[in-house]
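First the structure, in the form of structure tokens, and then the observations on it.
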């Protein structure tokens with residue numbers, strides 16, 4: 001149903017926004033991005049509320065050109081905002097971060113990007129994001145920070161709208177080290193990185209993807225407290241941590257795009273050994289992945305995914321990845 005709506009909207013807007021002699025200045029103004037969003041509240045009411053609350057309307061009604069990544073109402077529901085009234089209750093600083101992270105300067109036609117993973121884009125506010133265009137089966141898939149684009153290149157007279165399936169998480173921390181230190185569920189891991197002498201590595205310019213064990217994961221591994229982690233031999237911790245990350249930036253949906261029909265693949269970690277990636281499905285729809293080290297007795301669940309930092313991506317997991325000894 002949604003696909004039909006977006007297709008109809010695209011055709012309508014393409015007709016409305018064609019820049020020929022018959023298009024009047026008033027028509028151009030009435031087709032600006034802010035008005036297109038406001039005219040489609042059935043799908044975009046939550047994002048429209050963000051625009052109104054942050055006072056971003058005049059910018060989206062300006063000359064542009066701009067490309068706006070608009071999470072639909074279902075995306076806001078996934079993020080914990082059941083309706084526009086709940087959005088209104090959010091802190092202004094949070095909504096401002098959401099708003100600024102979803103606007104790019106210029107006209108970005110995502111379907112014309114090269115077929116490549118995680119191509120760097122920059123928001124109008126200067127933050128980084130990463131776009132992928134790839135083929136899965138018979139479909140060409142577009143993602144931003146690993147989040148699929150529902151519908152793309154909806155035209156307005158001052159730019160384009162890309163419809164997102166999730167609210168993008170703004171880039172808050174410049175390094176993985178900072179992101180881990182700021183997360184109260186990763187206190188044990190932060191101590192482990194300090195004890196193993198790896199904090200500088202996670203603060204470097206190199207990009208990494210980190211499957212970060214939560215505090216409860218460390219407890220299950222036999223560390224009752226952060227102090228007990230701090231008393232552990234640094235070499236022991238380093239061997240354990242070298243099996244939890246790898247070089248390069250990898251979002252969860254990247255595995256959906258690259259894994260074959262078996263729905264299983266291998267990921268080489270920093271120490272050169274592999275973990276197993278298992279795609280998760282509901283019917284024909286991919287919903288995520290589980291991972292498993294060679295020494296884990298069962299699947300490891302991802303509790304929080306795609307936390308973007310300036311030098312990589314963080315995925316929080318419920319067990320420590322373990323190797324066969």
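Residue numbers (UniProt numbering): 1 to 325.
Just so you know, even glycine gets a beta-carbon here, dropped at the ideal spot from N, CA and C.
Measure the beta-carbon distance from residue i to residue j and round it to whole angstroms, keeping in mind my assumption that it falls under 8 Å.
i, j, result
"residue 246", "residue 287", "At roughly 23 Å, the Cβ-Cβ gap does not stay under 8 Å, so residue 246 and residue 287 are not in contact."
"residue 159", "residue 65", "4 Å"
"residue 169", "residue 307", "6 Å"
"residue 124", "residue 93", "Incorrect: roughly 18 Å between the Cβ atoms, too far for contact."
"residue 161", "residue 70", "5 Å"
Under 6 Å Cβ to Cβ from residue i, same chain only, skipping five residues before and after it: list those, please.
i, result
"residue 79", "167"
"residue 343", "There is no way to answer for residue 343, as the model of the chain reaches only from 1 to 325."
"residue 253", "143 and 146"
"residue 177", "199, 202 and 203"
"residue 163", "70, 72, 150 and 151"
"residue 255", "277 and 289"
Can you give me the C-alpha to C-alpha distance between residue i and residue j, rounded to a whole angstrom?
i, j, result
"residue 285", "residue 83", "25 Å"
"residue 283", "residue 262", "15 Å"
"residue 291", "residue 52", "41 Å"
"residue 62", "residue 68", "13 Å"
"residue 76", "residue 96", "15 Å"
"residue 85", "residue 243", "44 Å"
"residue 87", "residue 35", "20 Å"
"residue 131", "residue 149", "10 Å"
"residue 225", "residue 187", "10 Å"
"residue 338", "residue 276", "With the chain covering 1 to 325 only, the question about residue 338 has no answer from this structure."
"residue 138", "residue 257", "12 Å"
"residue 328", "residue 229", "Within the shown structure, residues of the chain are numbered from 1 to 325, placing residue 328 beyond reach of any answer."
"residue 73", "residue 122", "24 Å"
"residue 60", "residue 119", "25 Å"
"residue 181", "residue 140", "38 Å"
"residue 197", "residue 297", "29 Å"
"residue 157", "residue 271", "52 Å"
"residue 269", "residue 248", "10 Å"
"residue 58", "residue 33", "10 Å"
"residue 259", "residue 173", "30 Å"
On a CA-only basis, which of the options is nearest residue i? Give me that one, please.
i, options, result
"residue 234", "93, 58, 193 and 120", "193"
"residue 175", "128, 57 and 95", "128"
"residue 241", "216, 220, 189 and 115", "189"
"residue 322", "136, 222 and 249", "222"
"residue 332", "275, 148, 313 and 30", "What is shown of the chain runs 1 to 325, which leaves residue 332 out entirely."
"residue 231", "265, 191 and 153", "191"
"residue 90", "256, 311 and 54", "54"
"residue 115", "101, 102, 107 and 135", "135"
"residue 355", "259, 44, 172 and 154", "Past the boundaries of the shown model lies residue 355; the chain is included only from 1 to 325, so the question cannot be answered."
"residue 239", "173, 273, 220 and 45", "273"
"residue 165", "173, 151, 156 and 110", "151"
"residue 111", "270, 133 and 103", "133"
"residue 251", "260, 207, 236 and 237", "207"
"residue 219", "259, 43, 185 and 81", "185"
Suppose the cutoff is 7 Å on Cβ atoms and the five residues either side in sequence are ignored; what does the same chain contact list for residue i look like?
i, result
"residue 48", "37, 38 and 41"
"residue 56", "99"
"residue 329", "The question about residue 329 has no answer, for the chain in this structure spans 1 to 325."
"residue 227", "none"
"residue 205", "311"
"residue 113", "119, 131 and 133"
Go through its chain and collect everything with a Cβ distance to residue i's Cβ below 8 Å, but skip five positions before and after it.
i, result
"residue 278", "263, 264, 289, 290, 291, 292 and 299"
"residue 171", "101, 127, 128, 129, 308, 309 and 310"
"residue 325", "295"
"residue 280", "286, 287, 288, 289 and 290"
Can you check the stretch 206-249 for any alpha helix (DSSP H) of at least 4 residues that lies completely inside it and give the ranges in chain order? With a minimum length of 4 residues, the unbroken runs of alpha helix (DSSP H) contained wholly in the stretch 206-249 fall at 215-220, 226-230 and 234-241.
Complete runs of the beta strand (DSSP E) confined to the stretch 59-147 [at least 3 residues]: Here the runs fully enclosed are 66-71, 103-105, 116-122, 128-136 and 139-144.
For a minimum of 3 consecutive residues, which ranges assigned as the beta strand (DSSP E) are wholly contained in the stretch 249-288? Complete beta strand (DSSP E) runs here, min 3: 264-268 and 274-282.
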